[in-house]
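Residue numbers (this note's numbering): 294 to 887. A short write-up of the structure that comes next.
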RNA sequence: GGCCCUGUCGUCUAGCCUGGUCUAGGACACCUCCCUUUCACGGAGGCGACACGGGUUCGAAUCCCGUCAGGGUCACCA
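And the structure:
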């Protein structure tokens, strides 16, 4: 395949693409871009392709590329063309990707011949030239421009450019060089589906680099050539790319390529009102470390589920350097280790983070779709439609309803959507989801709960914003009976105080022994049966239900707050519940003894 | 700083193109009440915005201009 061969798509076929660079996890903003590209292709019966822009040899990795593809697939954003990936869905294997139109390969590092052919051609035609400046020279030129309060632009007059013969001689001599585009002198007009006409004055586009000294194409060169070769008709991307667009358009004009339809989407902001970035996690972690006045890398506690060994969360030198330099970033795994060692919840930024925290993919895509797009429709109850699924997007998404204003990423609202979805599921479905999440993130939970897992899931369901809330909600059931600590305040309120105002009313502690005796016989030991028993128990004794529930709650959880009594006891299981009640009775007795 | 984009409740937005139906609608958050063995869930209600200034017009959130504010971008990163 020769990228310069104009690959005109079949008339009317819309082709979109998402082109991540494999330098880390999939950013949430990238996920939105991919989602909209996907949705637009689906809506119009077009093709959605994935291309991997791995032209930065130092930062790209295959593991990252694979992770990005897996996260996309997890979100349900499937590509029609692109790298092949096999995933398991509902127990079956599904294949995503492929190359039916024969426009691959999809990794830019495998397309170098094509870029070189076009670069050579441009050199021959005088559309581009070889430049021999060293990085140091360029840096000096930038400094000079800055001190002269001028904007640095690499755009030498034609007679300043070495002659073609001289360029050839120096190249032949093996001199390191880049290939630069000879930028046009006129203004460049960009037509954008979201922003309208945007005009860039003459001179705004400079002689940017097409091919780097290492022989790899720059982003601009790769994008333009591949979009042409792959027949891309619509380029949907974040507004941060707007200033790149005149470069791409100028290149497309020079090369006689099609100019795709552009749609620059509003940015996703963080709480500080700036573009959401991975750096936030570093900042949050660094702030926490400074606040805790920690000077050496902490160890993951041995009893912590994420504990992997005796090693500290990260290398001491790297840690010190990271603390000292606010600009420095830790790799994502090291950051995760540090956070879990400190018991920190870092703000989620990449899809990977959200997945780990227990957000549902269908909620993430729904929420993301609302950032920059709006269906502008009412739902049946007359309110604005906000909750919808991928099928709805595939049917209704359009460019006209893309907004122009940057959107703050409202984590609280996302959490609310997630909670609503979690709470709206059948309890069986919720249990399945929780089990799936726990199997990779908290296998200890599954082991300890065993066949009582369904009770625990039912208890957790209305109390989880994200699946990772479950361990905290169920913490009482995840500790050893002997390790349970009784909250003194809860003991005073629910066990020691009398049940009613009348003299001689029983205290909560008084209810424990008879309750324990009856619970030992109760069948089945399940939430509904326990709640029914409790109602009968208090009716027979004319005490408020709260007195019994409070007393048992403190006895078996140590705290005044827990899920409903039936669920709480059921997810402990009879043996553990009785042991805890006994332990509490002994504890209370010890206190009352003179 | 140059260039570019944007400005409706605290936040995300509907309405703007095709001025009047807008005493500006919804969602999240917040507050109150109800339900209730605690927590949570659920239900009902409430608070709350057209950045500012000028025009055009009988009439402007909607059209025009300016001011201010916010953001993006200025690499042999993508």
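Here a beta-carbon is modelled for each residue, glycine too, at the ideal position from N, C-alpha and C. All values reported here derive from a predicted model rather than from experimental measurement.
Residue 375 is bridged by DSSP to 391. Taking 4 residues as the minimum length, the alpha helix (DSSP H) runs contained wholly in the segment 416-493 are 428-440, 457-465, in order along the chain.
For a cut-off of 8 Å, the C-beta gap from residue 562 to residue 699 is around 5 Å, short enough to register as a contact.
DSSP places residue 683 in the uninterrupted alpha helix (DSSP H) bounded by 683-689.
DSSP, reduced to helix, strand and coil, places residue 614 within a helical segment of the structure shown.
One alpha carbon belongs to residue 373, the other to residue 313, and they sit about 16 Å apart. Checking the DSSP bridge columns, you'll see residue 605 partnered with 592. Assigned with DSSP and collapsed to three states, residue 621 falls in coil, not helix or strand. Cβ-Cβ distances below 6 Å link residue 779 to 851 in the same chain, with the five nearest sequence neighbours on each side left out; the list follows chain order. Remark: fewer than three beta-carbon pairs, one from each stretch, lie closer than 8 Å, so the segment 449-456 and the segment 507-518 are not flagged as touching. Around residue 870, the same chain offers 849, 862 as residues with beta carbons nearer than 6 Å, after the five sequence neighbours per side are excluded. DSSP, read as helix, strand or coil, puts residue 581 in helix. With respect to the 8 Å criterion, residue 530 and residue 501 are not classified as neighbours on the basis of their beta carbons. Rounded to the nearest angstrom, the Cβ distance from residue 324 to residue 686 is 13 Å, too far for a contact under 8 Å. Per DSSP, the continuous alpha helix (DSSP H) segment holding residue 734 begins and ends at 720-734. For residue 392, the CB contacts under 7 Å within the same chain, skipping 5 residues up- and downstream, are 374 in chain order. Of the candidates 514, 517, 367, 396, the residue whose Cα lies closest to the Cα of residue 645 is 367.
Our two residues, residue 714 and residue 428, have alpha carbons roughly 53 Å apart in a direct line. Cβ atoms of residue 647 and residue 655 stay farther apart than 8 Å, at about 12 Å. A contact is defined here as three or more CB-CB pairs under 8 Å, and the segment 753-766 meets this definition with respect to the segment 722-731. If you draw a straight line from the Cα of residue 708 to the Cα of residue 422, it is about 53 Å long. Residue 532 is a Cβ neighbour of residue 559, given a cutoff of 8 Å. For residue 556, the enclosing beta strand (DSSP E) begins and ends at 554-558.
For residue 337, the three-state secondary structure derived from DSSP is helix. Counting the other Cβ atoms within 10 Å of the Cβ of residue 536 gives fewer than 16, which makes it exposed.
The alpha-carbon separation between residue 821 and residue 815 amounts to approximately 11 Å. Under the three-pair Cβ rule at 8 Å, the segment 404-420 counts as touching the segment 467-476.
Closest in C-alpha terms to residue 847, from the list 876, 740, 828, 478, comes 876.
With contacts defined as CB atoms closer than 8 Å, residue 606 and residue 592 qualify as a contacting pair. In chain order, 553, 555 place their CB closer than 6 Å to the CB of residue 528, counting only its own chain and leaving out the 5 sequence neighbours on each side. Contact between residue 320 and residue 571 is confirmed by a C-beta separation of about 7 Å, below the 8 Å threshold. Sequence-distant Cβ neighbours of residue 498 in its own chain, meaning closer than 8 Å and more than five residues away, are 476, 477, 481, 539, 540, 543. Looking at the backbone, the Cα of residue 432 and that of residue 564 are separated by about 34 Å.
In terms of CA proximity to residue 823, 808 leads the group 522, 808, 837. Note that the C-beta distance between residue 310 and residue 487 is not below 8 Å.
For residue 517, the uninterrupted alpha helix (DSSP H) run begins and ends at 512-522, by DSSP.
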